[in-house]
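Q: I'd like to ask some things about the structure below.
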Amino acid sequence: MHDVSAETPTVAGSTVPSSLAPHTTLRLGGPATRLMSAENADELVDLTRAASRSGDPVLLLAGGSNVVIGDAGFAGTAILVRSRGVEVISRRPDQLIVRVQAGHPWDEFVAETVESGWAGVECLSGIPGSSGATPIQNVGAYGQDVSETISSVTVYDRADGVIRDMPAADCDFGYRASVFKHNDRYVVLAVDFRLRPADRSSPVRYAELARTLGVGQGDRVPLAAARETVLALRAGKGMVLDADDRDTWSVGSFFTNPVLDAAAWEHLRAVTAETGEPPGWPGEGGVVKVSAAWLIDRAGFGKGHPGGDAPVSISTKHTLALTNRGSGTTEQLLTLAREIRDGVRDRFGVVLHPEPVLVGCEI
Ligand SMILES: Cc1cc2nc3c(=O)[nH]c(=O)nc-3n(C[C@H](O)[C@H](O)[C@H](O)COP(=O)(O)OP(=O)(O)OC[C@H]3O[C@@H](n4cnc5c(N)ncnc54)[C@H](O)[C@@H]3O)c2cc1C
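Each residue of the sequence shown is one higher than the last, beginning at 66 in our numbering.
In structure tokens:
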């Protein structure tokens, strides 16, 4: 473990010691009082314990791809999660359990599963960040989410001061949600995935992916084809990190797709009767999940909004991504987010909620 507070940040224009901006994909956020790095699970536990003992607030930061940190920064200890490692811990003819350390880059893990012929996470290719953060918001894309393959999560429980394995059933996984999100009780140390030895993917569920692969929904394809096609689709939407492409200086989707009850869905259908019904996906109990991108676009906030030389804007490739064009501040990003949220509410009566974790700021 080491103190990285004094190390020179790498974001152009930022010279603040221990600035958190270089550690986020938005390149935004002020400094932490103290910035430490944990290279393995033991260090992660030791650092968290030490901070708790001294009453210091703790911010865990891994890939920094799902956090918006206020311009004033974080008054406490920020711990960079840098543990790495992938290990097969059990193997049967029909399944294997693979343990991945929290700081291991997620897409490196996915690439390894595809190369090794382990099916189950191939459609989650290209998602930035760490493996340990995937259970936090039950990461998902292109018809898969991690709750389908996580068998258990090893955590340090800060309330009880113990390390324990939490089976998936105890993780309360939901849409972009889990027991871990907005809850600093648990430090994820490692995640166990239950994968299938196979050279073909899980059934392709996502219509756009199936279309691009030239197969029907529910068909299986070679693992490598699933990965490559997802990566290409994501790149076209600015959803694969590229330091030279400001459309990827984001947190991915800024808002979750709103889940409406039957009455709210009928109201939305009524107010959109003239323009056409928004894309919606029915869920259990009569709820309908509605496309936030559609609502944002139809409320008048198109790709690239507000355009010109604005320091922050909607991505030019994807309506749901709010981006820092290079000289933005967190407050400017949040002002844009408020404008969009309020515009959608006024136009459609639907309130959008942010997907990332907001640290020292709010919308
Ligand atoms: C271009 C882009 C595309 C994206 N696409 C998708 C997508 O398709 N689907 C999707 O679901 N998400 C997507 N995201 C969001 C993001 O990549 C994921 O949520 C990712 O899992 C976050 O990982 P991270 O390591 O960057 O987490 P961080 O941003 O570092 O942290 C996120 C939260 O998790 C907490 N945390 C981090 N590590 C730990 C730990 N070990 N223990 C406890 N808490 C921890 C942090 O304190 C924070 O609250 C995208 C983001 C970007 C920038």
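Using N, Cα and C, we set each Cβ at its ideal position, and we do this for glycine too.
For R164, list the residues DSSP reports as bridge partners.
A: By 1-based counting over the sequence shown, the position of residue 164 is 99. R164 is bridged to E152, D257.
Q: Just checking S315 against ligand 1 - is the residue's beta carbon closer than 7 angstroms to any of the ligand's heavy atoms?
A: Here residue 315 corresponds to residue number 250 of the sequence shown, with the count starting at 1. Checking every heavy atom of ligand 1 against the Cβ of S315, one is found closer than 7 angstroms.
Q: Considering only residues of the stretch 294-344, which uninterrupted alpha helix (DSSP H) runs meet the minimum length of 4 residues and lie entirely inside it, listed in chain order?
A: 327-336
Q: Between which two residues does the alpha helix (DSSP H) holding F174 run?
A: Taking the sequence shown and counting its residues from 1, one reaches residue 174 at position 109. Taken as a continuous stretch (DSSP letters only), the alpha helix (DSSP H) holding F174 covers 171-181.
Q: Check for me: the alpha helix (DSSP H) holding A116 runs from which residue to which?
A: Taking the first residue of the sequence shown as position 1, residue 116 is located at position 51. Residues 106-118.
Q: Where do the ends of the alpha helix (DSSP H) carrying D230 lie?
A: As a working note, residue 230 is residue 165 in the sequence shown. From DSSP, D230 is part of no alpha helix (DSSP H) but of the beta strand (DSSP E) over 227-232.
Q: Grab me the residues of D312's own chain with a C-beta within less than 8 angstroms of its C-beta, minus the 5 sequence neighbours each way, in chain order.
A: Counted from its first residue, the sequence shown places residue 312 at position 247. Excluding positions up to five away in sequence, the list reads G303, S380, T381, K382, H383, A386, T388.
Q: Suppose the cutoff is 7 angstroms on Cβ atoms and the five residues either side in sequence are ignored; what does the same chain contact list for P371 look like?
A: By one-based count along the sequence shown, residue 371 stands at place 306. The residues are S378.
Q: Taking only the alpha-carbon atoms, compute the straight-line gap between V424 and L278 and give it to the nearest angstrom.
A: As a first step, residue 424 must be located in the sequence shown, where it is residue number 359. As a first step, residue 278 must be located in the sequence shown, where it is residue number 213. Their backbone Cα atoms lie some 39 angstroms apart in a straight line.
Q: Does the beta-carbon of T400 have 16 or more other beta-carbons within 10 angstroms, so that it is buried, or is it exposed?
A: As a first step, residue 400 is located in the sequence shown; it is residue number 335 there, counting from the start. The residue in question, T400, is exposed, as its Cβ has fewer than 16 Cβ neighbours within 10 Å.
Q: So, at 7 angstroms on beta carbons, what are the nonlocal neighbours of S356 in its own chain, with the 5 sequence-adjacent residues on each side left out?
A: For this step, residue 356 is matched to residue 291 along the sequence shown. If we look at S356 and ignore the five residues flanking it on each side, its Cβ neighbours are N322, P343, P344.
Q: With burial defined as no fewer than 16 other Cβ atoms inside 10 Å of the residue's Cβ, what is the status of Q282: buried or exposed?
A: The residue you call residue 282 lines up with position 217 of the sequence shown. Q282 should be labelled exposed.
Q: How would you write the range of the alpha helix (DSSP H) that S219 sits in, first residue to last?
A: Residue mapping note: residue 219 aligns to position 154 of the sequence shown, counting from 1. Sequence inspection shows Thr at residue 219; the Ser mentioned does not correspond to that position. No alpha helix (DSSP H) contains T219, which is instead part of the beta strand (DSSP E) from 215-222.
Q: In this structure, how does DSSP classify V123 when only helix, strand and coil are distinguished?
A: Taking the first residue of the sequence shown as position 1, residue 123 is located at position 58. In this structure, V123 counts as strand in the three-state DSSP scheme.
Q: Considering only the beta carbon of each residue, do V132 and T395 sit closer than 8 angstroms?
A: What you label residue 132 is simply residue 67 of the sequence shown in a count that begins at 1. What you label residue 395 is simply residue 330 of the sequence shown in a count that begins at 1. Contact flag unset, no.
Q: Short check: CB of A255 to CB of A103, under 8 angstroms?
A: The sequence position of residue 255 within the sequence shown is 190, counting from 1. The sequence position of residue 103 within the sequence shown is 38, counting from 1. In terms of Cβ geometry, A255 and A103 do not form a close pair [threshold 8 angstroms].
Q: Any beta carbon from chain D within less than 8 angstroms of V244's own beta carbon?
A: Of the protein chains in this structure there is only one, and it is not chain D.
Q: Is it the case that the CB of Y271 approaches a heavy atom of ligand 1 more closely than 7 angstroms?
A: Within the sequence shown, residue 271 is the residue found at index 206, counting from 1. It does not: the Cβ of Y271 is nowhere closer than 7 angstroms to a heavy atom of ligand 1.
Q: Could you compute how far the alpha carbon of A297 sits from the alpha carbon of E187?
A: As a first step, residue 297 must be located in the sequence shown, where it is residue number 232. As a first step, residue 187 must be located in the sequence shown, where it is residue number 122. Whole-angstrom Cα-Cα distance: 13 angstroms.
Q: Please list the terminal residues of the continuous beta strand (DSSP E) segment that includes A137.
A: In the sequence shown, residue 137 corresponds to position 72, counting from 1. Taken as a continuous stretch (DSSP letters only), A137 belongs to no beta strand (DSSP E), as it is neither H nor E.
Q: At a cut-off of 7 angstroms, is Y251 close to ligand 1 when judged by its beta-carbon and the heavy atoms of the ligand?
A: Here residue 251 corresponds to residue number 186 of the sequence shown, with the count starting at 1. Under cutoff, so the answer is yes.
Q: Less than 8 angstroms between C-beta atoms, sequence neighbours within five positions excluded: which residues of the same chain meet that for I428?
A: On the sequence shown, position 363 is the one that residue 428 refers to. L399, A402, R403, R406, P419.
Q: Give a yes or no on whether the C-beta atoms belonging to G197 and A127 are separated by under 8 angstroms.
A: Against the sequence shown, residue 197 aligns to sequence position 132. Against the sequence shown, residue 127 aligns to sequence position 62. It is a contact, given that the beta carbons lie within the stated cut-off.
Q: Among residues of its own chain, excluding the 5 on either side of D237, which ones have a beta-carbon nearer than 7 angstroms to its beta-carbon?
A: As a working note, residue 237 is residue 172 in the sequence shown. Closer than 7 angstroms at Cβ, skipping near neighbours: S243, V244.
Q: Using the rule of at least 16 other Cβ atoms within 10 Å of the residue's Cβ for burial, across every protein chain shown, is I192 buried or exposed?
A: The sequence position of residue 192 within the sequence shown is 127, counting from 1. It counts as buried.
Q: Determine contact between the stretch 111-121 and the stretch 153-169, defined as no fewer than three beta-carbon pairs at a distance below 8 angstroms.
A: No, they do not touch.
Q: Is any heavy atom of ligand 1 found at a distance shorter than 7 angstroms from the C-beta of G128?
A: Within the sequence shown, the letter at position 63 stands for residue 128. In terms of side-chain proximity, the C-beta atom of G128 is found nearer than 7 angstroms to a non-hydrogen atom of ligand 1.
Q: Any chance you could list the alpha helix (DSSP H) runs of at least 4 consecutive residues sitting entirely within the stretch 353-408, in chain order?
A: 357-363
Q: Using C-beta distances below 7 angstroms, list every residue in its chain close to H88, excluding the 5 sequence neighbours before and after it, in chain order.
A: In the sequence shown, counting from the first residue as 1, residue 88 sits at position 23. Only L126, G129, L145 meet the Cβ criterion.
Q: Between the alpha carbons of A176 and R285, how many angstroms are there, rounded?
A: By 1-based counting over the sequence shown, the position of residue 176 is 111. By 1-based counting over the sequence shown, the position of residue 285 is 220. Those two C-alpha atoms are separated by around 18 angstroms.
Q: Whose CA, out of G373, G350, A289, lies closest to the CA of G325?
A: As a working note, residue 325 is residue 260 in the sequence shown. Strictly speaking, residue 325 in this sequence is Leu, with Gly absent from that position. Of the listed residues, the one whose Cα sits closest to L325 is G350.
Q: How many angstroms separate the CA atom of G367 from the CA atom of G391?
A: Position 302 of the sequence shown holds residue 367. Position 326 of the sequence shown holds residue 391. Rounded to the nearest angstrom, the two C-alpha atoms are 20 angstroms apart.
Q: Go to T98, then tell me how far its beta strand (DSSP E) extends in each direction, as first and last residue.
A: One-based indexing of the sequence shown puts residue 98 at position 33. Segment 97-103, the beta strand (DSSP E) holding T98.
Q: What do you get for G393, buried or exposed, if any count of 16 or more other CB atoms within 10 angstroms of its CB means buried?
A: Translated into positions along the sequence shown, residue 393 becomes position 328. G393 should be labelled buried.
Q: Run the CB neighbour count on P347, radius 10 Å, all protein chains shown included, and call it buried at 16 or more, exposed below.
A: Along the sequence shown, read from residue 1 onward, the residue named residue 347 stands at position 282. Under this definition P347 is an exposed residue.
Q: What would DSSP say about G268, mapped onto helix, strand or coil?
A: Numbered from its first residue, the sequence shown carries residue 268 at position 203. It should be noted that the sequence gives Pro, not Gly, for residue 268. It is coil, neither helix nor strand.
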